[in-house]
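Report on the following structure.
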Amino acid sequence: MLVLVINSGSSSLKYQVRDVAAGSVLTEGLIEKIGMGNGGDGDGEIEGPRDHAEALEQVDAAIHAELGDLELGAVGHRVVHGGERFAEPVLIDNEITRAIERLNPLAPLHNPANVLGIRAITKKWPDLPQVAVFDTAFHRSLPEHAWRYAVPDSLYTNHGIRRYGFHGTSHEYVTHRAAALLDLPVDEFDGVIAHLGNGASVTAIRGGKSVDTSMGFTPLEGLVMGTRSGDLDPSILVFLGRSGWTPEDIDTMLNRESGLKGLAGNNDMRSVVNASEAGDAKASMALAVTSYRLAKYIGGYHVAVGGAKALVFTAGIGENSHQFRALVADKLGALGIALDAGLNSQRSKEPRVISTPGSAIPVLVVPTDEEQAIAEATAAVVRPAG
Ligand code: ADP
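Sequential numbering from 3 applies to the sequence shown in the numbering used here.
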């Protein structure tokens, strides 16, 4: 089955056409500046489609220019927030679209854009099945003691303030591949998965299910990321508010100016590692903070899963930065973890073991592929329906 995978943002739309069985990408692209232009009718200064419907026309034209006539079996949407309702990918109908829309307050930047993408496709291809695959769904298995914040219950009951977790599609996909690499049935896999991209989160997996994860109510909680702070004392925000910072100021500072960027002046791990190796003290400090914070989570999640059977690195940094993996592993001696320096520094696109035979548990690198996971989940939902 050919699946069009859509990741719809407020001003951009990423797409891929996937052959699910072959696991291949037939074509892919990115439409940017949505809502900023005049749709190419020549009387405006800025390029870009007027809205998501026009962006979709561009996607359609690009796919046909590249691949000719082809029969799509379904569309799979990456939807950021599934709230407490969605624990699985679902076939989209009008009621589901409205349910996703009702979650807008929980993900004000993302869910409205996801809904625009869904509605644009419903209008253009009303008979094409669409499936929503939620970033939060894999974490619906979190036990209450892991998802609760210790604040008055009314914040949860009236506002849905609890931990949801994100990157679920990636954590689930990597869980399955890691279990396969270790020759374990997935429901016997206990481990810790570190998804380290621009956004970063770590998940505790017990019996193949997520039992804790570092992102919370929003993707800001947890690890030090490219431009996000991760965990901090919430009183800092109260302090800043009393000092005259607006909610928007605080939001921008925490989400766009913090993390590696705040500490080292650069949000790109490669640049920070290079700067550190060239003697930049701030870059070295940023790496120390970032790796220490991750190591603490790994230690905690080792306990949460009752003894991990593996530690798994994935996403841009996890798959590519042997220097960062080594910094983290160096702090995990108490767990008996030891990397093989040679295996760690080998570059490969394959799932692999990078620890020594004597390491108490294996350390793996498992490349993630969220689009393939979305395409597979979409095909699995659509197929039984015919
Ligand atoms: P996103 O969350 O945007 O999908 P990615 O998973 O692509 O992010 O990860 C981006 C991060 O991966 C950046 O910090 C980048 O520096 C890092 N990265 C990518 N390639 C390498 C590499 N070869 N060595 C070190 N870091 C890398």
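Where a beta carbon is used, it is the ideal one built from N, C-alpha and C, also for glycine.
Here the structure is a predicted model, which means the values were calculated and not measured.
- In this model, Lys298 and Ser361 are separated by some 19 Å (Cα to Cα).
- The closest heavy atom of the ligand ADP lies 6 Å or more from the beta carbon of Ile94.
- One residue after another in chain order, those with a Cβ under 5 Å from a heavy atom of the ligand ADP are Gly199, Asn200, Gly201, Asp270, Met271, Arg272, Ala317, Gly318, Ile319, Asn322, Ser323.
- The DSSP assignment places 132-136 as complete runs of the beta strand (DSSP E) inside the region 97-159, in order along the chain (cut-off: 3 residues).
- Nearest to Ile123 by C-alpha distance, out of Ile102, Ala76, Ala277, is Ala76.
- Assignment of beta-bridge partners to Asn9 by DSSP yields Lys16.
- Inclusion of Ala312 and Pro369 in the CB contact set at 7 Å is not warranted, their separation being larger than that value.
- A direct Cα-Cα distance of roughly 21 Å separates Ala328 from Gly309.
- Around the CB of Thr205, 16 or more other CB atoms lie within 10 Å, so the residue is classed as buried.
- In the three-state reduction of the DSSP assignment, Ser273 falls in the helix class.
- Counted as a single uninterrupted DSSP element, the stretch harbouring Glu352 is not any beta strand (DSSP E), since DSSP gives it neither H nor E.
- Here Glu49 carries a coil assignment [DSSP, helix/strand/coil].
- The DSSP-derived three-state label of Arg208 is strand.
- By the criterion of a C-beta distance shorter than 6 Å, Gly320 is surrounded in its chain by Ala196, Leu198, once the five residues flanking it on both sides are discounted.
- DSSP, read as helix, strand or coil, puts His79 in strand.
- Burial state of Lys35 is exposed, judged by a 10 Å Cβ sphere holding fewer than 16 other Cβ atoms.
- Here DSSP, grouped into helix, strand and coil, assigns Phe241 to helix.
- Excluding five sequence positions before and after Tyr294, the CB atoms of its chain that fall closer than 8 Å to its own CB belong to Lys333, given in chain order.
- At a Cβ-Cβ threshold of 7 Å, Gly37 and Ser13 count as neighbours.
- With a cutoff of 7 Å on beta-carbon distance, Pro91 and Val61 are scored as not near each other.
- Taking a cut-off of 8 Å for Cβ pairs, the region 149-168 and the region 208-223 touch, as three or more such pairs fall below it.
- Between the region 144-160 and the region 270-289, the count of C-beta pairs closer than 8 Å stays below three; the two stretches do not touch.
- Taking 7 Å as the cut-off, the beta carbon of Ala139 is found no closer than this to the beta carbon of Val213.
- In the three-state reduction of the DSSP assignment, Ile36 falls in the coil class.
- Contact check for Val81 against Asn116 passes: the beta carbons are separated by less than 7 Å.
- Per DSSP, the unbroken alpha helix (DSSP H) holding His66 starts and ends at 54-69.
- Our two residues, Glu103 and Pro114, have alpha carbons roughly 6 Å apart in a direct line.
- In the three-state scheme derived from DSSP, where H, G and I count as helix and E and B as strand, Gly31 is classed as strand.
- Look at Ala362 here: in three-state DSSP terms it is coil, with no helix or strand label.
- Only residues of its own chain outside the window of five on either side were considered, and among them Val135, Thr171, Ser172, Glu174, Tyr175 have a CB closer than 8 Å to the CB of Ala375, listed in chain order.
- The Cβ-Cβ distance between Lys126 and Leu58 falls below 7 Å.
- When DSSP reads this structure, Leu4 sits in a beta bridge with Asp21.
- In the structure shown, the three-state DSSP call for Ser203 is strand.
- Distance from Ala381 to Met3 at the Cβ level is roughly 5 Å; contact confirmed, criterion being Cβ atoms closer than 8 Å.
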